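J.: Input: one structure, supplied below.
4 protein chains.
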Amino acid sequence: MIKIGVIGYGYWGPNLVRNFAETKDAQVTFVSDRNPDRLKLVRSRYPSINVTENPVDLINNPQVDVVIISTPVSTHYDLAVKALRAGRHVLVEKPMTGTVEEAEKLLDEAARAKRVLMVDHTFIYTPAVIKIKELVADGSLGNMFYYDSVRVNLGLFQHDVNVLWDLAVHDLSIMDFILGKQPTAISATGMAHLEGQPEDVAYITCYLQNNLIAHFHVNWMAPVKVRRTLIGGDRKMIVYDDIEPSEKIKVYDKGVSLSGGAEGVYQLLVNYRSGDMWAPHLATTEALKTEAAHFIDCVTNGTHPQTDGEMGLRIVQILEAADASMAKKGQPVELV
Amino acid sequence: MIKIGVIGYGYWGPNLVRNFAETKDAQVTFVSDRNPDRLKLVRSRYPSINVTENPVDLINNPQVDVVIISTPVSTHYDLAVKALRAGRHVLVEKPMTGTVEEAEKLLDEAARAKRVLMVDHTFIYTPAVIKIKELVADGSLGNMFYYDSVRVNLGLFQHDVNVLWDLAVHDLSIMDFILGKQPTAISATGMAHLEGQPEDVAYITCYLQNNLIAHFHVNWMAPVKVRRTLIGGDRKMIVYDDIEPSEKIKVYDKGVSLSGGAEGVYQLLVNYRSGDMWAPHLATTEALKTEAAHFIDCVTNGTHPQTDGEMGLRIVQILEAADASMAKKGQPVELV
Amino acid sequence: MIKIGVIGYGYWGPNLVRNFAETKDAQVTFVSDRNPDRLKLVRSRYPSINVTENPVDLINNPQVDVVIISTPVSTHYDLAVKALRAGRHVLVEKPMTGTVEEAEKLLDEAARAKRVLMVDHTFIYTPAVIKIKELVADGSLGNMFYYDSVRVNLGLFQHDVNVLWDLAVHDLSIMDFILGKQPTAISATGMAHLEGQPEDVAYITCYLQNNLIAHFHVNWMAPVKVRRTLIGGDRKMIVYDDIEPSEKIKVYDKGVSLSGGAEGVYQLLVNYRSGDMWAPHLATTEALKTEAAHFIDCVTNGTHPQTDGEMGLRIVQILEAADASMAKKGQPVELV
Amino acid sequence: MIKIGVIGYGYWGPNLVRNFAETKDAQVTFVSDRNPDRLKLVRSRYPSINVTENPVDLINNPQVDVVIISTPVSTHYDLAVKALRAGRHVLVEKPMTGTVEEAEKLLDEAARAKRVLMVDHTFIYTPAVIKIKELVADGSLGNMFYYDSVRVNLGLFQHDVNVLWDLAVHDLSIMDFILGKQPTAISATGMAHLEGQPEDVAYITCYLQNNLIAHFHVNWMAPVKVRRTLIGGDRKMIVYDDIEPSEKIKVYDKGVSLSGGAEGVYQLLVNYRSGDMWAPHLATTEALKTEAAHFIDCVTNGTHPQTDGEMGLRIVQILEAADASMAKKGQPVELV
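Quick look at the structure:
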């Protein structure tokens with residue numbers, strides 16, 4: 644039985660506690676939060692869980708094998724390092740850290756401590772994203788041309804991070820998982836509209852190898868909710884609409900190709916193909932449930948998590964580069 | 644009766660001829676096209692219209708008061724200059740010219756010739772765009788925050804221009820009309836995927852004064868057709884979906900504002916407002932019909948067209964800057 | 644503090660317990676269910692609630708002021724009568740009883756016992772239905788022409804009742820509330836497709852006074868989920884789509900009228916009006932929460948519930964008439 | 644070359660003339676209309692076509708091999724009989740005649756004259772309907788359970804016929820083609836809301852063999868346009884939405900079946916299957932073009948049309964029975 648301590652019982656923490664409480668071979672033993680009212684809520688819901696306002700008490704308690712960190716981004720690094728040094732396995736909210744430097748140091752700590760470090764990039768565990776990964780990986784889409792995502796709505800303002808670190812982080816992790824490649828360069832633009840608040844609308848372009856281009860649009864101030872990704876290859880194209888209740892993925896047998904004409908290069912012809920559409924049936928499993936089981940499995944068997952610290956680092960690298968580019972109105976930033 | 648000659652009877656020319664043929668006080672007297680088969684088609688449809696393969700014959704014919712140019716972009720400048728020098732009024736397809744230099748020289752020619760120079764930015768004459776302009780102009784939206792447009796589908800490849808000059812040109816003209824301001828800087832990114840072909844997917848960010856940001860997404864290789872613009876102000880927000888058959892414009896009484904809390908700057912509160920949605924009834928007039936009547940009116944009364952040469956120039960300035968930025972992976976380009 | 648006993652902890656019971664547990668001035672003290680596993684679930688969730696397999700124990704327990712009946716339809720009458728005779732107030736699931744005879748006798752019992760009898764027609768307490776009622780009641784729609792509802796999906800088969808008693812019951816209650824009139828005649832059709840199972844697809848037409856017609860389409864075997872009601876008046880028309888996440892009600896300023904022409908009766912003109920559409924903002928309150936507070940209020944103050952026994956009777960009258968008509972392939976049945 | 648005369652150049656006539664004018668081996672030689680303004684329009688568009696106000700002149704003119712009748716329903720029978728007796732082949736608008744009696748007599752006339760009699764049930768020639776027919780015919784859907792269609796919008800009032808004869812006629816012909824069976828009984832309901840005008844909203848239930856049920860909803864006074872048909876079998880189900888621009892047909896791998904449990908009849912289990920969705924690519928051919936070629940082919944080769952007089956008769960039988968049932972509030976009418 645893996646004993647779990649959860650730091651932070653704010654917006655997302657209750658989902659973590661609920662899911663891990665129902666995970667096989669796992670037991671939530673401790674919750675900490677700086678706000679006593681939140682701890683009162685924990686006690687009323689789970690009388691058997693210990694609570695504390697001090698996360699260090701939780702980390703050091705022998706009743707804790709694993710620490711889950713669900714606190715503001717700026718605190719991730721310190722808490723995660725403390726937990727690793729105390730010999731705990733760590734699952735940390737996304738983004739993993741607030742800077743690339745912290746991310747790299749955290750990877751070192753995890754390696755040194757020989758403990759599992761996993762990042763809660765939840766979307767990677769949804770049936771829709773797993774299915775898309777499958778279709779891209781098995782070559783169904785052909786050569787990849789573009790990846791284009793939109794994630795907008797009238798959302799909560801995060802006072803500590805801008806809209807990239809709050810919303811684009813989801814889509815960057817999905818792209819990382821699906822394409823399996825890190826961008827070579829980034830250009831980002833964006834704007835803050837409320838005084839003293841961070842950027843609320845932003846756009847990122849990622850350049851990848853082989854003329855693959857990815858683009859991300861995020862906005863906290865849109866009147867409608869949009870969660871739509873277009874993924875284009877030369878054989879098939881996908882529309883992934885996360886708001887659709889039942890047909891989240893549509894695969895279009897549409898494409899475009901170039902064929903040399905009889906009379907040589909001046910006769911190049913662009914051919915369009917228009918075909919069937921297919922919406923694969925998807926399971927309705929809750930992603931966090933799948934993720935929780937995966938994490939417990941990694942801890943138990945010492946295996947490597949899907950959303951590991953290396954992935955966490957890659958996402959933070961893109962976000963940091965995007966911030967730098969956005970500050971200079973789109974000037975491109977190379978990623979090593 | 645204004646006598647009209649139309650150069651180019653390809654994709655768009657037939658719409659121009661049909662609409663001007665039905666416009667009051669106007670008469671299409673001449674059509675030219677380099678392809679004799681197209682001219683045959685003109686004759687069968689309009690036995691009374693003269694045809695020629697040579698556009699210069701049309702321009703110089705005394706039966707022509709006005710020349711409409713509906714040919715590839717690279718030919719616009721030469722034909723328009725010839726027509727102005729021959730004393731003709733000119734309506735030219737968008738984009739007005741292929742370079743800013745040509746655009747500026749064309750404006751000079753029109754001024755010298757004292758003739759009307761109008762650009763066929765058709766969308767400006769649609770009931771939907773006119774209604775949005777009204778709502779922005781009368782302050783209904785409050786302070787403008789952002790303008791975001793998407794225009795994608797599995798489209799025709801234009802061999803002579805890239806996707807910006809083919810598709811973004813529409814949205815840039817709509818933005819110019821609605822916001823009434825020229826951007827101060829541009830960042831653009833994009834990619835070509837077919838060998839020997841121009842960019843088929845592209846993104847432009849325009850920076851305008853007062854933290855207003857505009858973004859354009861165009862793509863010739865999308866599996867679905869999307870024509871959607873989000874326009875956000877601090878009082879109201881608009882969704883303009885040109886594919887919707889009957890509710891093209893939705894006005895949301897949603898907004899966001901910042902209010903100082905009692906305890907000073909650390910207590911800033913972001914307030915969200917969620918309210919009614921309203922879809923104004925729109926007339927179903929064909930835009931080109933409205934535009935044709937407006938052009939004939941300008942020619943007859945010597946008045947200034949809505950989509951004049953200055954507007955044509957502003958759009959070409961943005962497109963040229965976007966090409967330059969796109970060639971350098973998003974490096975920003977200032978507009979004077 | 645009103646003490647509440649809930650009979651039946653199957654599909655809907657848990658929602659009732661949860662909502663009443665959080666209702667002011669109310670306390671759930673007892674739950675009964677014939678299945679011991681369900682009672683075990685109650686104990687784990689609510690250690691302070693008493694449980695029993697025998698509903699009569701619950702009804703007669705002095706710790707119970709109010710009995711909520713959430714069991715199969717065939718048992719409603721017996722349980723409700725027992726509860727009323729024991730002096731309890733009663734909230735019973737819809738449909739109130741399995742026959743009109745039972746419904747009428749139940750009303751008598753409630754009157755004799757001087758206790759509140761309410762039926763759980765939950766939809767009547769949704770913000771959407773309340774708003775539609777308002778718009779119809781204040782004359783915004785003008786003279787009412789038709790009411791047309793569709794409620795279909797791949798649903799659960801109810802072995803004890805057919806699709807009318809399972810699904811149409813919702814829409815009949817909404818119609819009753821919005822129009823405030825009982826039909827004068829009913830014609831219904833339908834079909835059973837699985838051997839030994841009740842009708843799975845059915846249609847009801849209700850004739851009301853003043854040429855008002857209402858129609859209901861219900862189906863347990865549709866590939867897609869549809870929950871759409873059209874309500875037409877001569878001044879405005881409503882589309883109520885319960886699946887829409889944010890714009891459930893759309894009010895169309897469309898209508899049709901007849902005007903006598905100058906030359907008399909042969910010149911009758913049908914005029915169409917096409918105007919704006921408006922989607923009023925709706926609160927997101929959970930209907931069952933509103934309903935629970937309303938019920939407790941009625942019990943406390945002896946006031947009359949919105950969804951009272953008389954309404955329950957009217958719905959059962961329509962359902963019984965529809966069954967009779969359906970058995971004779973649509974032959975109309977008069978309602979007294 | 645088949646020479647064609649078209650009677651009636653109102654709403655639909657121009658489409659007929661345009662399509663037959665472009666059909667191989669066909670030539671439109673004559674058009675008649677009682678309104679001289681309509682004839683003037685014909686002359687301006689087609690200077691080579693002869694025109695007359697008198698349909699009998701057209702019918703008897705030796706320049707006419709085939710007569711197409713596109714006039715109000717009440718005139719179909721007389722004109723068609725005259726044309727057949729003059730030795731012409733006949734294509735008549737739907738519904739074929741205004742009564743079953745006329746329909747039967749017209750079939751006799753055609754048989755006696757040995758001429759082709761075809762009805763313009765255009766939908767039968769659409770790629771969508773042809774594809775559905777294919778899927779039903781090859782058993783993809785399994786045993787057929789139900790057919791449910793909705794065709795509503797704020798439409799034109801037809802002063803001479805009610806909404807059944809105007810709108811349901813389309814769906815009845817589609818059902819006839821797809822299911823290939825005539826109903827055994829009909830129940831219909833409906834209502835007229837404007838004084839002196841026919842029914843504007845109506846519902847038909849058709850009972851077919853083997854527990855197959857079909858239902859039709861038509862309405863001239865709906866605020867939105869709906870053209871949706873659900874077709875359910877025990878293996879697959881179809882949603883046919885004629886308003887969708889590109890995915891008109893969606894085939895759901897969803898179904899329901901009954902399996903006997905181990906313990907006998909009381910253990911019957913209803914099993915649901917939830918699977919992929921598939922939208923077959925459809926050609927974009929104009930239906931009337933396909934139909935025109937088919938008609939000319941039948942006339943030339945003496946073959947039997949798809950939408951022959953027998954089909955026309957079956958549709959009129961249903962409509963007449965529906966009128967009779969509607970007049971008696973849904974009382975069922977048997978079809979022989």
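Chains as they are written, first to last, in the numbering used here: chain A, 644 to 979; chain B, 644 to 979; chain C, 644 to 979; chain D, 644 to 979. Where a beta carbon is used, it is the ideal one built from N, C-alpha and C, also for glycine. Bear in mind the structure is a predicted one, so any value in this text is a computation, not a measurement.
Do you know how far the Cα of threonine 946 of chain A is from the Cα of aspartate 940 of chain A?
T.: Locating residue 940 of chain A in the first sequence gives position 297, counting from the first residue. Locating residue 946 of chain A in the first sequence gives position 303, counting from the first residue. Taking the straight line from one Cα to the other gives about 7 Å.
J.: If we ignore side chains and look at the alpha-carbon of each, how far apart do aspartate 809 of chain C and serine 968 of chain D end up?
T.: The residue you call residue 809 of chain C lines up with position 166 of the third sequence. The residue you call residue 968 of chain D lines up with position 325 of the fourth sequence. Take the alpha-carbon of aspartate 809 of chain C and the one of serine 968 of chain D: they are about 28 Å apart.
J.: My parser needs the beta strand (DSSP E) runs of 3 or more residues fully inside the region 810-852 of chain A; what are they?
T.: 828-834, 844-850
J.: With a Cβ-Cβ cutoff of 8 Å, do leucine 750 of chain B and valine 724 of chain B count as a contact?
T.: As a first step, residue 750 of chain B is located in the second sequence; it is residue number 107 there, counting from the start. As a first step, residue 724 of chain B is located in the second sequence; it is residue number 81 there, counting from the start. Taking 8 Å as the Cβ cut-off, leucine 750 of chain B and valine 724 of chain B do not qualify as a contacting pair.
J.: To the nearest angstrom, how far is the alpha carbon of valine 649 of chain C from that of alanine 857 of chain C?
T.: Numbered from its first residue, the third sequence carries residue 649 of chain C at position 6. Numbered from its first residue, the third sequence carries residue 857 of chain C at position 214. Going from the Cα of valine 649 of chain C to the Cα of alanine 857 of chain C covers about 35 Å.
J.: Excluding the 5 residues preceding and the 5 following threonine 928 of chain C in the sequence, name in chain order all residues of the same chain whose CB lies nearer than 8 Å to its CB.
T.: In the third sequence, the residue the question calls residue 928 of chain C occupies position 285. Taken in chain order, the residues that qualify are Pro770.
J.: Cβ closer than 8 Å: which chain C residues qualify as neighbours of isoleucine 856 of chain D?
T.: Taking the first residue of the fourth sequence as position 1, residue 856 of chain D is located at position 213. Within 8 Å Cβ-Cβ: Thr832, Gly833, Met834, Val844.
J.: Which of the three DSSP states, helix, strand or coil, is assigned to tyrosine 789 of chain C?
T.: Counting from 1 along the third sequence, the entry for residue 789 of chain C is found at position 146. Reduced to three states, the DSSP call for tyrosine 789 of chain C is strand.
J.: Compute the Euclidean distance between the alpha carbons of glycine 875 of chain A and histidine 802 of chain C, then round it to the nearest angstrom.
T.: Position 232 of the first sequence, counted from the start, is the residue given in the question as residue 875 of chain A. Position 159 of the third sequence, counted from the start, is the residue given in the question as residue 802 of chain C. In a straight line, the C-alpha of glycine 875 of chain A is about 47 Å away from that of histidine 802 of chain C.
J.: By DSSP's criteria, lysine 893 of chain A is part of a beta bridge. Which residues make up the other side?
T.: In the first sequence, counting from the first residue as 1, residue 893 of chain A sits at position 250. Answer by DSSP bridge pairing, in chain order: A:Val882.
J.: For a contact defined as C-beta to C-beta under 9 Å, what are the partners of glycine 875 of chain D on chain C?
T.: As a working note, residue 875 of chain D is residue 232 in the fourth sequence. Chain C residues near glycine 875 of chain D: His836, Val844, Asn862, Met864, Ala865, Pro866.
J.: Under 8 Å Cβ-Cβ, which residues of chain B neighbour aspartate 919 of chain C?
T.: Counted from its first residue, the third sequence places residue 919 of chain C at position 276. The contacting residues are Trp921, Ala922, Pro923, His924.
J.: Give me the chain D residues within the contact set of tyrosine 790 of chain C, using Cβ-Cβ distance strictly less than 9 Å, ordered along the chain.
T.: In the third sequence, the residue the question calls residue 790 of chain C occupies position 147. Correct list: empty, because the minimum Cβ distance to chain D is about 10 Å.
J.: Name the residue from A:Lys897, A:Leu931, A:Val694 whose alpha carbon lies nearest to the alpha carbon of aspartate 919 of chain A.
T.: Locating residue 919 of chain A in the first sequence gives position 276, counting from the first residue. Aspartate 919 of chain A has its Cα closest to that of A:Lys897, out of A:Lys897, A:Leu931, A:Val694.
J.: Rounded to a whole number of angstroms, what is the C-alpha to C-alpha distance between valine 743 of chain C and threonine 718 of chain C?
T.: In the third sequence, counting from the first residue as 1, residue 743 of chain C sits at position 100. In the third sequence, counting from the first residue as 1, residue 718 of chain C sits at position 75. Answer to the nearest angstrom: the Cα atoms are 14 Å apart.
J.: Within 10 angstroms of its Cβ, does glutamate 736 of chain B collect 16 or more other Cβ (buried), or is it exposed?
T.: Position 93 of the second sequence holds residue 736 of chain B. Glutamate 736 of chain B should be labelled buried.
J.: Across which residues does DSSP place valine 710 of chain B in a beta bridge pair?
T.: Your numbering for residue 710 of chain B matches position 67 in the second sequence. Valine 710 of chain B pairs with B:Gly648, B:Val733.
J.: Please check if any C-beta of chain B sits within less than 8 Å of the C-beta of glutamate 887 of chain C.
T.: Residue 887 of chain C sits at position 244 when you count from the first residue of the third sequence. Not an interface residue.
J.: Could you tell me which chain A residues have their CB closer than 7 Å to the CB of lysine 897 of chain B, listed as they occur along the chain?
T.: Counting from one through the second sequence, the residue named residue 897 of chain B turns up at place 254. By Cβ distance, chain A contributes Leu797, Pro866.
J.: Assign tyrosine 654 of chain B to one of two classes, buried (16 or more other C-beta atoms within 10 Å of its C-beta) or exposed (fewer than that).
T.: By 1-based counting over the second sequence, the position of residue 654 of chain B is 11. It is exposed - the Cβ of tyrosine 654 of chain B has fewer than 16 other Cβ atoms within 10 Å.
J.: Residues bridged to threonine 872 of chain C by DSSP?
T.: As a position in the third sequence, residue 872 of chain C is number 229, starting the count at 1. Bridge partners of threonine 872 of chain C according to DSSP: C:Ser792, C:Tyr883.
J.: Is aspartate 885 of chain A closer than 8 Å to tryptophan 863 of chain A when the C-beta atoms are compared?
T.: In the first sequence, the residue the question calls residue 863 of chain A occupies position 220. In the first sequence, the residue the question calls residue 885 of chain A occupies position 242. At least 8 Å separates the beta-carbon of tryptophan 863 of chain A from that of aspartate 885 of chain A.
J.: Could you check which residue in C:Ile821, C:Leu807, C:Lys824 has the C-alpha nearest to that of threonine 832 of chain C?
T.: Translated into the one-based positions of the third sequence, residue 832 of chain C becomes position 189. Closest option to threonine 832 of chain C, Cα to Cα, is C:Leu807.
J.: Name the two residues that bound the continuous beta strand (DSSP E) containing asparagine 693 of chain A.
T.: To locate residue 693 of chain A, count along the first sequence from 1; it is residue 50. Here the beta strand (DSSP E) through asparagine 693 of chain A covers 693-695.
J.: Following the continuous beta strand (DSSP E) through serine 675 of chain B, name the residue where it begins and the one where it ends.
T.: To locate residue 675 of chain B, count along the second sequence from 1; it is residue 32. Here the beta strand (DSSP E) through serine 675 of chain B covers 669-675.
J.: Rounding to the nearest angstrom, what Cα-Cα distance links lysine 774 of chain C and glutamate 963 of chain C in this structure?
T.: Taking the first residue of the third sequence as 1, we reach residue 774 of chain C at position 131. Taking the first residue of the third sequence as 1, we reach residue 963 of chain C at position 320. Taking the straight line joining both Cα atoms gives about 29 Å.
J.: Between phenylalanine 663 of chain B and the rest of its own chain, which residues show a CB-CB distance below 6 Å, the 5 nearest in sequence each way excluded?
T.: By 1-based counting over the second sequence, the position of residue 663 of chain B is 20. Residues of the same chain with a CB within less than 6 Å of the CB of phenylalanine 663 of chain B, apart from the 5 flanking positions on each side, are Ile647, Ala669, Val671, Ala935 in chain order.
J.: Would you say valine 882 of chain D lies against chain C (beta-carbon separation less than 8 Å)?
T.: Position 239 of the fourth sequence, counted from the first residue, corresponds to residue 882 of chain D. So yes, valine 882 of chain D belongs to the interface.
J.: Spell out whether any CB of chain G is found under 8 Å from the CB atom of alanine 828 of chain D.
T.: Absent from the structure: chain G. Protein chains present are A, B, C and D.
J.: So is glutamate 890 of chain C in contact with chain B if we call contact Cβ pairs under 8 Å?
T.: In the third sequence, counting from the first residue as 1, residue 890 of chain C sits at position 247. Yes, because at least one Cβ of chain B sits closer than 8 Å to the Cβ of glutamate 890 of chain C.
J.: What residues match up with methionine 864 of chain D in a beta bridge as DSSP calls it?
T.: Counting from 1 along the fourth sequence, the entry for residue 864 of chain D is found at position 221. Note: methionine 864 of chain D sits in a beta bridge opposite D:Leu797.
J.: Just how far apart, CA to CA, sit leucine 978 of chain C and serine 830 of chain C?
T.: Counted from its first residue, the third sequence places residue 978 of chain C at position 335. Counted from its first residue, the third sequence places residue 830 of chain C at position 187. Using only the alpha carbons, I get a separation of about 11 Å.
J.: So is glutamate 665 of chain C buried or exposed if we call it buried at 16+ other beta carbons inside 10 Å?
T.: If you number the third sequence from 1, residue 665 of chain C lands on position 22. Exposed, since its Cβ has fewer than 16 Cβ neighbours within 10 Å.
J.: Could you check what DSSP says for leucine 855 of chain C in three-state terms: helix, strand or coil?
T.: In the third sequence, counting from the first residue as 1, residue 855 of chain C sits at position 212. Note: leucine 855 of chain C maps to coil in three-state DSSP.
J.: Got a sec: is the Cβ-Cβ distance from tyrosine 652 of chain B to anything in chain A below 8 Å?
T.: As a first step, residue 652 of chain B must be located in the second sequence, where it is residue number 9. Output row for tyrosine 652 of chain B: interface = no.
J.: Would DSSP call alanine 922 of chain A helix, strand or coil?
T.: To locate residue 922 of chain A, count along the first sequence from 1; it is residue 279. It is a strand residue.
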